[in-house]
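Taken in sequence, the protein lines are chains H and D. Just so you know, we're using our numbering here: the first sequence kicks off at 1 and counts up by one. Just so you know, we're using our numbering here: the second sequence kicks off at 623 and counts up by one. The beta carbon of each residue, even a glycine, is placed where N, CA and C say it ideally should be. Presented below is the structure to which this report refers.
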Amino acid sequence: MENEGDKFRLYTRRALMLGGAQGLLTSVLVGRMYYLGVTQSSQYSMLAEDNRVSMRILPPTRGEIFDRNGLPLATNRKDFRVFLIPEQAKDIDATLQHFQLLHPLSQGELSRIRRQIRRQRSFLPVTVAENLSWQAFSRINVDSPHLPGIQPDAGETRFYPDGAIAAHVVGYVGPVQVEDRAEDKDPSLGIPGFKIGRGGLERALDDQLRGAAGNASEEVNAYGRVIRQLTRTDGEKGQGVGLTLDMDLQRYVFNRLGDESAAAVVMDVETGDLVAMASTPSYDSNDFNLGFSRENWDALNFDPRKPLLNKAIAGQYPPASTFKMIVALAALDAGVIDPRETIHCTGSHEFGDRTFYCWKGDGHGRLDLVDAIARSCDVYFYDIANRVGIEKIGDMARRLGLGEAYDIGIGGQQPGLVPTREWKQRTQGTSWKAGETLNVGIGQGAVLSTPLQLAVMTARLADGARAVMPRLIQSINGREVPREDFAPMALNDEHLAYVRRGMEMVTMPRGTAVMSRLRTRGVEMAGKTGTAQVRRITQAQRDEGLDSLDGRPWQERDHALFVAFAPTDKPRYALSVLVEHGGGGSSVAAPIARDIMEETLRLDPTGPATVAEKDDEDGRPG
Amino acid sequence: MGTSLMFGARAVRRSPLQRLRNLNWWMVLGLIAIAGVGTAMLYSVGGGKFDPWASRHLSRFLMALVGLIVIAIVDIRWWMRLAYPAYFIGLILLVYVEFAGTTGMGGQRWIDLGFMRLQPSELMKVAVVLALARYFHGLTISAHNRLSSLAVPILLILLPAAMVVRQPDLGTALLIVAGGIGVLFLAGARMWLFIVGFIGAIASIPIGWQLMQDYQKARVMIFLNPESDPLGAGYQIMQSKIALGSGGVWGKGFMEGTQSQLNFLPEMKTDFIFTVLAEEFGIMGGVGLIIIYMALLSYGVLVSLTCRSQFGRLLAAGLSFTLFLYVFVNVAMVMGLLPVVGVPLPLVSYGGSAMITFMLAYGLILSVGLNRGISIPRKDAFG
């Protein structure tokens, strides 16, 4: 048994050693628990909170844009959409391929998606599709296990009920780009699918329209599912913007311009409110929401008729004969002509060694100022322009609103050009030649204007006393934008009366737009035609009778213009119409202007009253 | 616990009813307490529902408890007789699953018995200790010191370990080896052997690294630096540490653990259930559970110190050590002290195999406790 005793003693020693080792290891576990749960507890508690609580930025609702009657031009609607987070997709191509089984994407959309994936960091979502039907959205949700990286979302998107009609004014919104986030630290920009103003008023008033983001802290589980809301601070809705446009009229104008490459501006003479401002061809503002594919963008961008350009404010054209009122006023103001004085038009005017032609080859014969405006005689204006000189013509042009961009709250306005001697010297390094003054006298040559400027000019002629300024934004956030008092123009009433008389006669027999006299009984429209030469007509072409528009390619045809105000006795509205390469002002622009003016007066709530008053008075100048 | 309760009266032959009365019911109570903690945590993890996990866990435990009591009251000499046959049956099952078994997560192989999945590798943890205890029981003290007498036990350990590695289940294989070495140590093999063996093991780490599967290498790398992969596998360790640390001293309250209730914790029902306990009941809950385990396992060591047969001594202490490793590896793993090796916490984690191993082994420990007064001749094992 000695043997067994030794065995037992050895065993006891070893058992105590092994038991001790186990005790030691157990104390390591307890020590580790102490380290994690006491020493490091606050740090781990914080990490647990980070896990549990997710801060979410709540996108603000974008402010709406209304017309003068409260009809929506830009609003928001519920939107089922789908994002792709490139980082979470194992294979982007496979995901997109599977996605297309549920919702087909065009080649253009695919190229846009790929471009965006390349351009931004891989944890930022790229919008794959928007405005999905509930059915398509549900299909995608159900199949989400097979769509790694795809993230469905229900939010709001911008919606333009009349996408194209006022597109150039309202503009459009588009996705946030990487560069935007570098400049603008608004947390809203980080929200997936957030849109910012990219064109027109959407861009110009983006700060007001955008609103302020709210935030919500939510308890989420490991899969990101929200369990409950902890706190919530609602954001601030963007401010609503009311415009002076009348959408009913705007729609009419847009449709009346039709397929032409054209622009029209209708202005309230009394207030300067722009009740219609259209440019064609147009684009659909809704198409920009997702950002364009290169192909679609190029199609718009390289179209010779420039659908992206707001021709009403950014198209610069020679005012042509619509400039003649300015020349007449300048000459009267300078005292170089008597309005009753007649000038003999033989169809051409010799000046130095050059011959300046009247549009009417066989001449107008003798005519005075009123007649010269009504019949748009060029020779008359060559003569008086030469007498008054370029500087005084320029001064009068500026007094009537040409050569300046107005503060109407929208970007992209072009200032046009009112040439001076100094300008010629500065830009071309040569001195002004007298012959150029003659060209300016009929609104050709260097002088350029936008349809908006021509409408302002006409409104000022119609009002007579005040330098009417255009206004586009009527209210912001429900508060009326204060109207400024218009500065006095200090024009001689008698001079004005002659010029306006001339404009009234334009729609009368012998006038250039007699065919476009208003059909509304008892209301007359004063106006002025204009036909802007795009290409110099050579002597050879003139001899061959090739000075008409027939047979010339579209790009070389004349621009047709018409400016007008009505009613003549108590002007309410002024307008301008421009049809690019449309041909003659009297044959193309005047009928459009007549139709627009009739519709404007028809829609004007104060219109019938104006008509009724007219019968009792006779305010026509002599 | 009084001394009389711990050790009972010495008796050589008793009826099954007497044995039942002499069973250490305090230890049974400890087992019930641990299983109760498991049931409560599974109830919490199941979102406040007994079905399906907590209820199944509890009913499995109750069945296993009956088995444990039966094992405990069987005469220890029967177990000694069955030691080698059990070992060989275990080996045969290992061979069987090699060809016909079903492979699960991490390479464990099992035989589907319909009502449960039998993992032969789990049974082998117990069978190796049984066979080694049987072997050393038959040796004289002088034979203990001979190197040649170590050849058989080393073979007994390495044969099943090698087959389990092939499954491949490195974690279980290492536990089998560690448990076996524990028995060798207790049996009195020369100390320098362990020192040399230890140095050899460290030296062979590069070779072991070569043998490891990619996912195993990844686990080790992530263990060494969990922050390197916060979204992948390192996520598990990171989230477990966050749960443990944020639980603090007293915990967040039953069913109030944010890490577990919001599913940030991985594998909550199985490998990481200790984390759930520590998050909801804090250090107090975690240490409390560890104390119950240690009380149960200390009983095994204490019983072995008063046992009159070498077989009983080695069996009780060897199995205690095996079970200790089981618990230690799991708890150390969830605390980020060891790589994630997929070892459950017996009696608490959901799943039958670990529970069966634990109850089987503890039944044998209790059997040693009941039979410690019996001295068994070295040569003739039984009658």
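Item                                                                                                        : Value
Chain H contacts made by the region 865–876 of chain D, where a contact means CB separation under 8 Å       : A865, L866, G867, S868, G869, G870, V871
Residue environment, H344 (chain H), which counts as buried when at least 16 other CB atoms sit within 10 Å : exposed
Within-7 Å CB hit, N885 (chain D) to chain H                                                                : yes
Run of the beta strand (DSSP E) containing W432 (chain H), from where it starts to where it stops           : Run containing W432 (chain H): none; DSSP gives neither H nor E here.
L752 (chain D) vs L936 (chain D) beta-carbon contact at 7 Å                                                 : no
is_contact[T231 (chain H), chain D] using C-beta, thresh 7 Å                                                : no
Beta-carbon separation (whole angstroms), G810 (chain D) vs L18 (chain H), contact threshold 8 Å            : That pair is no contact at about 12 Å.
Among D:L927, D:A939, D:P742, the one whose alpha carbon lies nearest that of G995 (chain D)                : D:L927
Under the three-state DSSP convention, the category R557 (chain H) falls into                               : coil
Contact with chain D by R32 (chain H), beta-carbon distance below 7 Å                                       : yes
Cα-Cα separation between V956 (chain D) and E183 (chain H), rounded to whole angstroms                      : 46 Å
H344 (chain H) in three-state terms, based on DSSP                                                          : strand
Assigned secondary structure, R68 (chain H) (DSSP; H/G/I helix, E/B strand, else coil)                      : coil
Test: G1018 (chain D) CB closer than 7 Å to a CB of chain H                                                 : Residue 1018 (chain D) lies beyond the residue range present for chain D, which begins at 623 and ends at 1005; the question has no answer from this structure.
Exposure label - P161 (chain H); buried when at least 16 CB within 10 Å                                     : exposed
G801 (chain D) and A749 (chain D) closer than 7 Å at C-beta                                                 : no
Proximity below 7 Å, CB of V169 (chain H) to CB of I596 (chain H)                                           : no
Where V379 (chain H) falls, given that 16 or more other Cβ within 10 Å makes a residue buried               : buried
Nearest-angstrom beta carbon gap, G272 (chain H) and A459 (chain H) [assumed within contact, 8 Å]           : 7 Å
In DSSP terms, what L740 (chain D) is bridged to                                                            : D:I733
Cβ-Cβ distance between F886 (chain D) and A314 (chain H) below 7 Å                                          : no
Range covered by the alpha helix (DSSP H) that runs through D629 (chain H)                                  : In the structure as shown, chain H starts at 1 and stops at 622, and residue 629 (chain H) therefore has no counterpart that could be examined.
CB contact check: M1 (chain H) to chain D, cutoff 7 Å                                                       : Low per-residue confidence applies at M1 (chain H): pLDDT is 44, beneath 50, and the placement is therefore not dependable, though the value from the model is reported in the following sentence. It does not; no Cβ of chain D falls within 7 Å.
Proximity to V447 (chain H) [Cα-Cα], best of H:D604, H:N301, H:G394, H:S138                                 : H:G394
Residue burial classification, Q533 (chain H) (beta-carbon count within 10 angstroms, cutoff 16)            : buried
E260 (chain H) (DSSP reduced to helix, strand or coil)                                                      : coil
In DSSP terms, what K528 (chain H) is bridged to                                                            : H:V563
Neighbour flag for R653 (chain H) against chain D, beta carbons, 7 Å                                        : A question about residue 653 (chain H) goes unanswered here, because the residues of chain H that appear run from 1 up to 622.
Enclosing alpha helix (DSSP H) for T928 (chain D) [first to last residue]                                   : 895–928
Interface partners of I227 (chain H) on chain D, CB under 8 Å                                               : L884
Between the CA atoms of N646 (chain D) and M746 (chain D) - distance to the nearest angstrom                : 26 Å
Rounded straight-line distance, which links the Cα of L575 (chain H) to that of M457 (chain H)              : 9 Å
Neighbouring residues, chain H, relative to F943 (chain D) (Cβ below 8 Å)                                   : L18, Q22
Burial state of Q425 (chain H), where buried means 16 or more other Cβ atoms lie within 10 Å                : exposed
Whole-angstrom C-beta distance between A320 (chain H) and I373 (chain H), which should lie under 8 Å        : Going by Cβ atoms, the distance from I373 (chain H) to A320 (chain H) rounds to 13 Å, so no, they are not a contact pair.
Within chain D, partners of Y406 (chain H) - CB distance below 7 Å                                          : Residues of chain D passing the Cβ test: none, with the nearest at roughly 56 Å.
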